[in-house]
Amino acid sequence: MAATPLLILYGSQTGNAQDVAEAIGRDAAALLFAPRVMPMDAYPVADLPGEGAVVFVAATTGQGEPPENMRRFWRFLLRKSLPPGSLAATRYAVFGLGDSAYVKFNAAAKKLDRRLEALGATPLIERGLGDDQHPGGYEAALDPWLESLWHALRAALPLPGGAAPPALEAAARLRLGPPKFRVTLLGPGDGAGAGPAAANANGAAKGPGAGAEGGGSDHSEEERLQLEAVAAAAAFRAVAAEASGLPPGPEAAAGNTAAAAAAAAPPGPWRPFMAPLLVNRRLTAAGHFQDTRHLEFGLEGSGLTYEPGDLLAIFPRTPEADVEALLARLGLSPGQLLRIEAAAPLASADGAGGAPRAAVVATARAVVLQHYATVEREKERLAYFASPEGRDELYDYNHRERRTLLEVLSDFPSAAPLPLERLLEAAPLLRPRYFSLSSSPLAHPGRAHVTAAVVRYSTPFKRPKRGLVTTWLAGLQPPRDSGAAGPRVPVWVERGCLRMPASPAAPLLLVGPGTGVAPFRSFLWQRAALIRQQQQQQQQQQGEGQASVEGSVAGAAGAVAPCVLFFGCRHPNRDFYYREEWEELTQARALDPDLGLVAAFSRPEGGPGSSSNSGGGGGVTKGGGHYVTHKIKQHGAEVWRLLSSRGAHVYVSGSAEKMPADVAAALEAVASEHGGLGAEAAARWVRQLEAAGRYHVEAWS
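Heads up: the sequence shown begins at 1 in UniProt numbering, then just goes up one per residue.
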């Protein structure tokens with residue numbers, strides 16, 4: 001029976017939208033569709049009018065922007081030359097992934113839906129909008145949307161001959177397709193293949209570099225760093241190839257010219273820069289529960305450049321103990337050399353192409369492991385996890401508890417060892433972590449600063465967990481001697497969603513509690529450097545030595561608008577990040593000398609017992625604690641003046657949980673009290689700030 005073609009296109013920035021698209025492709029294949037899954041920019045958009053049915057999965061990034069791998073596709077759809085009925089023969093469905101902490105929630109999916117309909121396409125069902133803030137994640141909206149989608153698709157595209165479509169029941173969901181990878185065990189000699197690792201890794205020969213790091217490896221330090229760089233790049237090549245449709249690495253490019261061009265490109269996911277760690281300083285008091293670090297990386301010779309508001313991507317490293325434990329459970333030697341290849345071209349017409357990751361990897365993992373579990377109780381449990389009925393329990397088991405692959409294999413020991421190619425399907429890829437750069441390219445040339453809180457928490461079942469990358473970074477020690485070799489970290493720069501005005505003549509209101517202050521440290525040091533440049537230019541214009549420093553500062557003051565920073569922490573002596581620097585920046589006029597820094601302390605009189613790991617906020621304490629929102633309202637008259645008559649820009653950075661919405665509510669209260677606006681008018685005024693490009697938010701979960 002011929003399968004019905006189904007095109008599934010995604011726009012994904014961090015991989016979640018791609019995960020959803022690939023999961024839809026797997027379900028579609030089980031329902032006798034012939035799915036094609038690819039990024040929007042990899043699809044020849046001119047063919048769109050000939051597609052019978054298309055499912056779009058679109059994430060939203062930054063300030064309502066589409067992801068990078070759908071921007072060319074989106075720009076094409078926006079062409080005014082496209083006639084209104086050009087997609088009249090196309091039926092479609094749109095699912096968006098967004099975060100309601102942002103003002104432009106799911107903007108990319110909403111715009112895509114409207115534009116497709118304007119071009120004449122027919123929606124199969126109403127668009128679905130996943131919300132990262134929902135307790136159940138975006139899956140809470142995805143599951144019912146998918147159920148409606150399959151009914152609508154089968155009604156619109158019946159099987160040939162009127163055959164009844166199969167139900168998406170357990171048997172279909174648990175069907176295991178051909179492996180997506182080929183894994184070959186290599187011998188220790190010339191690298192000749194020792195045959196595919198089709199059964200398991202038991203008895204694998206021990207190769208060079210065996211053992212834990214530093215335990216008898218023949219590699220020099222320089223070779224080790226090169227191997228780390230290659231490994232980091234290889235981990236991302238598959239992701240980048242899927243997202244862009246390019247070959248899986250610069251070495252695949254034909255000819256020396258292409259290879260040279262790839263080598264000359266700035267470092268990125270394919271080729272991160274191994275940056276030396278130069279500074280690792282604890283910012284919080286020794287007895288404080290939160291360990292927050294100021295980290296500095298050297299960028300000299302990297303070709304990397306950045307602007308205030310950009311992000312430093314850091315590729316994490318799994319702890320050696322976890323790696324060794326996983327290898328032991330799989331029966332694999334630490335020194336065994338492997339060759340891993342894609343079984344089919346990436347971003348091909350294979351609907352199940354690509355490795356499952358992130359949110360949907362739990363379901364794919366359950367499907368894979370239940371095939372290899374030998375204990376009936378384990379097989380039944382894994383099959384239940386893969387079923388619609390077990391979705392909630394799987395979410396609790398995997399997502400809320402943050403279980404690693406090693407922990408899952410420990411809970412289902414009869415499934416290991418399993419074939420290595422299937423292990424790769426069950427394992428999530430390591431993803432980079434993104435940190436707001438807290439340095440200024442003008443004030444800190446050749447360096448990248450990061451302000452990172454070491455993540456430690458307990459799961460709902462009270463299992464202690466630690467953040468992978470922050471725990472690793474906190475444990476790295478830079479060299480004591482400037483000439484000595486120290487640890488190196490794979491990094492590259494990504495564009496952030498915050499952009500400061502080019503001139504210090506623009507007033508700024510910065511709201512950054514906790515590590516949310518990181519991008520504003522970058523802003524303020526950049527502002528200080530720009531002011532210094534203004535002063536130097538004025539001195540040159542007035543004649544060398546004819547103007548005093550005081551006179552030059554006074555002259556520059558006219559070109560410097562007020563800048564106010566609302567910073568929040570727990571205690572003035574425990575986690576007041578960069579306290580001395582704020583004073584220095586005020587003297588440099590980067591911060592307004594009158595209002596300047598406004599600090600809010602939520603636990604100003606709390607002892608060590610108040611510094612629990614349970615809330616990161618809570619209510620106003622009996623000791624007089626306040627949050628940044630209270631301080632905004634306390635200084636409401638000045639805030640209103642800056643926003644209403646001086647045209648100030650508002651920048652908000654920090655946790656996405658409640659803070660951005662609370663800041664918006666505080667500004668609405670200011671508009672009501674000091675601007676005389678009613679509640680609806682005040683809310684509309686805040687939205688107008690955002691629409692005018694004067695309200696900027698960077699929030700993270």
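Cβ coordinates follow ideal geometry from the N, Cα and C atoms, glycine included.
In chain order, what residues of the same chain have a beta carbon less than 6 Å from the beta carbon of residue i, not counting five sequence neighbours either side?
i           : result
residue 8   : 21, 24, 25, 35, 37, 55
residue 122 : 91
residue 113 : 94, 127
residue 479 : 486
residue 699 : 101, 656, 660
residue 45  : 73, 76
residue 442 : 526, 529
residue 460 : 400
When the Cα of residue i is compared with those of the options, which residue comes out closest?
i           : options            : result
residue 290 : 690, 696, 470, 503 : 470
residue 330 : 303, 422, 489      : 422
residue 635 : 143, 42, 572, 566  : 566
residue 295 : 312, 43, 505       : 312
residue 520 : 277, 425, 110, 437 : 437
residue 118 : 147, 102, 81       : 81
residue 530 : 491, 493, 455, 440 : 440
residue 363 : 630, 427, 420, 377 : 427
residue 29  : 503, 277, 177      : 177
residue 395 : 690, 695, 104, 143 : 143
residue 628 : 662, 637, 638      : 662
For residue i, which residues from the same chain have a beta carbon less than 8 Å from its beta carbon, with the 5 sequence-adjacent residues on both sides left out?
i           : result
residue 407 : none
residue 170 : Because the pLDDT of residue 170 is 47, which lies under 50, any placement of that residue in the model is unreliable, and the number read from its coordinates should be weighed accordingly. Counting only Cβ-Cβ distances below 8 Å, and skipping sequence neighbours, we find 383, 386, 387.
residue 685 : 668, 671, 675, 677
residue 323 : 334
residue 48  : 54, 87, 90
Since residue i sits in a beta bridge, which residues does DSSP pair it with?
i           : result
residue 488 : 276
residue 65  : 61
residue 10  : 39, 57
residue 451 : 294
residue 281 : 294
residue 436 : 311
residue 342 : 181
residue 4   : 33
residue 653 : 698
residue 458 : 464
residue 122 : 91
residue 493 : 312
residue 97  : 59, 130
residue 337 : 186
Identify, in the order they occur along the chain, each residue of the same chain with its Cβ nearer than 7 Å to the Cβ of residue i, setting aside the five sequence neighbours on each side.
i           : result
residue 3   : 32, 33, 34
residue 316 : 430, 433, 468, 469, 472
residue 5   : 34, 52
residue 583 : none
residue 648 : 507, 508, 509, 642
residue 140 : 134
Can you give me the start and stop residues for the beta strand (DSSP E) that residue i sits inside?
i           : result
residue 511 : 508-511
residue 520 : Looking at the DSSP string, residue 520 is not in any beta strand (DSSP E); the run it does join, the alpha helix (DSSP H), is 518-542.
residue 464 : 464-466
residue 644 : No beta strand (DSSP E) holds residue 644; the alpha helix (DSSP H) holding it covers 636-644.
residue 131 : 128-131
residue 785 : Because the chain is modelled from 1 through 701, residue 785 falls outside the range shown and cannot be assessed.
Does the beta carbon of residue i sit closer than 9 Å to a beta carbon anywhere in chain C?
i           : result
residue 183 : Within the model displayed, chain C is absent; a lone protein chain is all it includes.
Identify the continuous alpha helix (DSSP H) that holds residue i and give its terminal residues.
i           : result
residue 90  : Careful: residue 90 lies outside any alpha helix (DSSP H) and carries neither H nor E.
residue 663 : 659-675
residue 575 : Premise fails: residue 575 is in no alpha helix (DSSP H) and is neither H nor E.
residue 702 : A question about residue 702 goes unanswered here, because the residues of the chain that appear run from 1 up to 701.
residue 148 : 139-156
residue 686 : 679-691
residue 591 : Taken as a continuous stretch (DSSP letters only), residue 591 belongs to no alpha helix (DSSP H), as it is neither H nor E.
residue 408 : 405-411
residue 384 : 376-385
residue 324 : 320-330
TODO: Decide yes or no for the touch test of the stretch 39-49 against the stretch 72-83: beta carbon pairs closer than 8 Å, at least 3 of them.
DONE: Cβ pair count under 8 Å is three or more, so yes.
TODO: Say whether the stretch 396-407 touches the stretch 280-290, bearing in mind that this needs 3 or more beta-carbon pairs closer than 8 Å, one atom from each stretch.
DONE: Using a C-beta cut-off of 8 Å, the stretch 396-407 makes no contact with the stretch 280-290, since fewer than three inter-stretch Cβ pairs fall below that distance.
Task: Inter-stretch contact at 8 Å, needing at least 3 Cβ pairs: the stretch 448-461 / the stretch 512-531 - done: Short answer: they touch.
Open item on the list: Measuring CB atoms only, is the stretch 592-600 touching the stretch 561-575, in the sense that at least three cross pairs come out at less than 8 Å?
Closed with: Contact between the stretch 592-600 and the stretch 561-575 is present, because at least three Cβ pairs lie under 8 Å.
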